[in-house]
Amino acid sequence: SEHRQAQVANLVAQNSGDFFAGVKTWLLGLEGDDRRAALKQLDSVLLSHRE
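Read the sequence shown against UniProt numbering and you will find it ends at 51, with the numbers running on by one and no gaps.
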């Protein structure tokens, strides 16, 4: 529902700073294929949240 999407959007907005800082730190700790796989996975997660 739209209400649920608004709730999720608010949560993401509130937590995005910490969340993305954590993701960035995690990605920087990965190398090569692991990093590519993680980025691919992250892309699909972000895409599914947009729909």
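Every residue gets a Cβ at the ideal spot worked out from N, C-alpha and C, and that includes glycine. Small disclaimer: the values here were computed from a predicted structure and weren't measured.
Per DSSP, reduced to three states, the secondary structure at glutamate 2 is helical.
C-alpha of leucine 28 to C-alpha of arginine 35: approximately 8 Å in a straight line. The beta carbon of alanine 38 sits closer than 7 Å to those of Leu27 and Leu30, all from its chain and outside the five residues before and after it, given in chain order. Spanning the alpha carbons of valine 23 and valine 12 requires a straight line of approximately 13 Å.
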